[in-house]
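Numbering (our numbering), first residue to last: 20 to 748.
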């Protein structure tokens with residue numbers, strides 16, 4: 020009965036604690052506690068720059084400096100300067116605890132400036148290792164507690180780029196593997212009773228010794244093993260033991276700041292957001308915020324500050340959980356290795372997390388980049404499509420990474436994107452795209468990145484053409500891929516700054532516009548004798564010419580004005596002047612430079628001078644085409660010039676009255692109530708009419724508001740007016 024009562028009381032305590040931790044933590048609460056701890060620690064610094072603890076002044080000073088530096092106090096802060104000055108003049112010979120912390124503090128503060136001192140500490144630690152362990156004074160084998168601090172010092176050296184003999188790490192690895200208890204945990208020494216603090220210390224130490232929970236076999240065995248892993252049973256057993264202990268007595272574990280910090284290192288080193296089903300950072304932070312007691316052993320203020328400052332790391336990537344299977348996480352360590360690399364590249368701790376594509380999830384809007392990977396067909400629900408569209412409109416970036424460059428994944432991604440952006444297609448990153456210049460100059464390089472272009476607008480949706488998922492999984496990344504992703508990250512941070520793990524950000528829900536294709540091509544009234552429009556071929560790549568836009572304009576004329584037209588437009592080059600002279604109306608459009616030889620230019624000039632009519636627009640309001648077209652007209656007709664056509668002209672008035680509607684982006688740059696068409700007058704009429712803004716891309720569907728162009732109905736009406744003018748005057 021007593022045992023049952025005790026078990027019941029324990030259950031009530033654990034349940035009560037878990038319910039208490041359900042209160043949402045916020046970045047502001049964490050920041051307030053960090054500020055309070057920093058203030059308390061600074062107030063306790065001695066005039067000589069030290070902090071004292073159990074005759075280990077160097078170690079105590081080092082751990083407080085490490086904590087303050089982790090809380091973003093830089094080396095110019097007076098307290099840091101005084102503390103570092105003390106360390107530099109007091110090398111901790113004969114004190115393993117202090118030596119490990121000495122190296123860790125200096126590496127955190129400035130690993131380049133203090134590389135010699137870190138090296139000296141690392142050499143001493145390597146030389147004093149015995150049987151894979153250290154004792155307090157570095158004179159013989161020791162326990163797991165002091166050994167973990169020695170290994171933290173060696174990790175600091177490794178992070179600073181200092182070579183540590185592989186045998187040193189192997190010896191410590193073998194020690195911990197050989198002393199693991201049958202229950203999966205570790206004790207203070209050899210095979211003593213397992214404790215949470217020593218199990219956490221052992222797991223973190225094994226991570227320093229480069230032992231991983233699981234290793235991908237794909238890099239060695241090939242693509243047939245994509246998503247296959249070899250599990251390390253020792254690490255798995257240790258994590259299970261730790262989870263069971265949290266389940267039994269979480270308040271005792273997280274109430275002990277020494278144990279909490281050791282467990283945090285396990286979480287960070289193994290990239291575990293959860294230990295089993297428990298969010299270790301939430302539990303530990305709640306315990307620290309609830310406890311006002313900063314006295315006791317093991318320097319609780321320093322350990323509390325280290326826990327809060329290191330655990331609440333900004334989120335760079337959200338890895339999307341999509342589909343009903345695990346295809347979204349086929350490469351389980353790609354994102355982890357990305358943030359580790361970019362943390363070093365930007366000299367800033369960064370993190371990632373897995374999130375469902377759910378607007379109701381508070382974590383969904385945290386990261387600037389939503390990373391989506393997979394091997395098979397990518398499918399979404401309507402709610403998930405809305406979530407993606409909302410994320411983009413909120414300033415986020417989506418990065419698709421096909422495993423093994425999978426065609427089924429790529430094809431299905433485009434299919435899904437077209438349900439959001441109907442005209443979407445992935446194109447090579449334009450040379451003028453801002454991303455190419457965000458950090459590295461990639462202006463003239465072939466980058467492994469495609470961008471989704473919808474109508475005229477480039478969306479912040481990118482597709483990798485290299486298998487970066489595998490490269491980061493295997494830790495063998497091509498330089499161009501690193502540079503491209505660094506530029507992508509810089510680009511993403513312009514619109515969506517980093518936020519800390521507990522600083523949740525809501526994403527406003529938006530609807531997917533019903534941008535169904537507007538199609539008048541089936542309108543009745545086609546005849547071989549009907550109105551005819553001929554589109555000029557001037558591009559080096561004829562495949563880029565899409566006749567659908569002008570065919571749709573012909574259909575609109577048939578439907579709205581009952582004008583008989585031909586079923587479709589003609590495509591013609593300017594090489595045959597005899598055929599050219601028979602065309603009543605020429606249409607000229609493009610989204611790039613114009614390529615015409617001298618014969619073609621002369622034929623075009625002859626056509627205009629003989630009463631022909633030409634109208635043109637700059638597809639997607641392309642500046643290169645606009646400038647080239649103006650130069651071409653000036654070259655052909657030096658005695659004439661393109662002039663602004665007034666709104667009173669029949670071009671704006673007949674048969675449709677002036678009613679121009681611009682996209683939002685174009686409206687920012689030009690007042691829709693002002694004239695914008697340019698004309699070249701010859702023989703008392705406009706022989707050439709040119710729009711510097713887009714018609715063609717908007718003729719079959721509503722143009723994006725992010726693009727520079729006229730909206731669809733405005734384009735159809737205005738082109739009808741222009742063609743009517745060309746045939747009537």
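Glycine included, each C-beta is placed from N, C-alpha and C at the ideal position.
Quick check: residue i and residue j, are their CB atoms within less than 7 Å of each other?
i           : j           : result
residue 442 : residue 474 : yes
residue 56  : residue 323 : yes
residue 122 : residue 175 : yes
residue 488 : residue 353 : yes
residue 518 : residue 378 : no
residue 509 : residue 457 : yes
residue 697 : residue 646 : no
residue 217 : residue 203 : no
residue 552 : residue 598 : no
residue 495 : residue 439 : no
residue 327 : residue 72  : no
residue 390 : residue 418 : yes
residue 189 : residue 350 : no
residue 280 : residue 325 : yes
residue 140 : residue 173 : no
My assumption, with CB atoms under 8 Å, is that residue i sits in contact with residue j. Please give the rounded CB distance.
i           : j           : result
residue 478 : residue 411 : 7 Å
residue 78  : residue 120 : 5 Å
residue 555 : residue 606 : 7 Å
residue 706 : residue 633 : 7 Å
residue 288 : residue 226 : 4 Å
residue 11  : residue 137 : Missing from the structure shown is residue 11; the chain here goes from 20 to 748 and no further.
residue 656 : residue 709 : Not really, about 12 Å apart at Cβ, beyond 8 Å.
residue 261 : residue 215 : 7 Å
residue 639 : residue 549 : Contact flag wrong, Cβ pair sits at about 30 Å.
residue 711 : residue 664 : Going by Cβ atoms, the distance from residue 711 to residue 664 rounds to 12 Å, so no, they are not a contact pair.
residue 8   : residue 54  : Absent from the model: residue 8. The displayed extent of the chain is 20 to 748, so no value can be given.
residue 398 : residue 342 : 6 Å
residue 445 : residue 471 : 6 Å
How far does the beta strand (DSSP E) with residue i in it extend, from its first residue to its last?
i           : result
residue 205 : Premise fails: residue 205 is in no beta strand (DSSP E) and is neither H nor E.
residue 628 : Not the beta strand (DSSP E): residue 628 falls in the alpha helix (DSSP H), residues 617 to 628.
residue 370 : 370 to 375
residue 326 : From DSSP, residue 326 is part of no beta strand (DSSP E) but of the alpha helix (DSSP H) over 319 to 330.
residue 248 : 248 to 250
residue 548 : 545 to 550
residue 44  : Element bounds for residue 44: n/a, residue is neither H nor E.
residue 176 : Premise fails: residue 176 lies in the alpha helix (DSSP H), 163 to 178, not in any beta strand (DSSP E).
residue 192 : Looking at the DSSP string, residue 192 is not in any beta strand (DSSP E); the run it does join, the alpha helix (DSSP H), is 185 to 197.
Compute the Euclidean distance between the alpha carbons of residue i and residue j, then round it to the nearest angstrom.
i           : j           : result
residue 373 : residue 338 : 5 Å
residue 687 : residue 681 : 9 Å
residue 746 : residue 422 : 56 Å
residue 229 : residue 201 : 22 Å
residue 219 : residue 298 : 15 Å
residue 653 : residue 541 : 39 Å
residue 635 : residue 237 : 54 Å
residue 449 : residue 334 : 29 Å
residue 41  : residue 301 : The pLDDT assigned to residue 41 is 40, lower than 50, so where the model puts this residue is not dependable, and the model offers no usable value.
residue 420 : residue 95  : 41 Å
residue 89  : residue 51  : 15 Å
residue 284 : residue 513 : 32 Å
residue 143 : residue 455 : 46 Å
residue 666 : residue 685 : 18 Å
residue 112 : residue 133 : 17 Å
residue 315 : residue 381 : With a pLDDT of only 49 at residue 315, under the threshold of 50, the placement of this residue in the model should not be trusted; the figure read from the coordinates follows. When rounded, the distance between both Cα atoms is 37 Å.
residue 268 : residue 211 : 20 Å
residue 282 : residue 97  : 31 Å
residue 292 : residue 232 : 14 Å
Terminal residues of the continuous alpha helix (DSSP H) containing residue i?
i           : result
residue 361 : 353 to 364
residue 600 : Note, residue 600: premise wrong, no alpha helix (DSSP H); not H, not E.
residue 554 : Careful: residue 554 lies outside any alpha helix (DSSP H), inside the beta strand (DSSP E) at 553 to 555.
residue 749 : A query on residue 749 cannot be resolved here, the shown segment of the chain reaching from 20 to 748 and no further.
Determine, using beta carbons only, whether residue i comes closer than 7 Å to chain C.
i           : result
residue 207 : Among the chains in the structure shown there is no chain C, since it carries only a single protein chain.
Counting only runs that start and end within the segment 456 to 527, where is the beta strand (DSSP E) found for 3 or more residues in a row? 468 to 473, 476 to 483
Counting only runs that start and end within the segment 272 to 312, where is the alpha helix (DSSP H) found for 4 or more residues in a row? 276 to 288, 299 to 309
Counting only runs of 4+ residues fully inside the segment 93 to 138, write out the alpha helix (DSSP H) ranges in chain order. 97 to 107, 115 to 129
Secondary structure, alpha helix (DSSP H): runs of 4+ residues fully inside the segment 371 to 441: 401 to 412, 426 to 439
Could you name each continuous alpha helix (DSSP H) segment of 4 residues or more that falls completely within the segment 637 to 702, going from the start of the chain to the end? 642 to 655, 669 to 672, 683 to 688
What runs of the beta strand (DSSP E), each 3 residues or longer, lie entirely inside the segment 704 to 748? 705 to 710
Which runs of the beta strand (DSSP E) at least 3 residues long sit entirely within the segment 218 to 260? Give them in chain order. 233 to 235, 248 to 250
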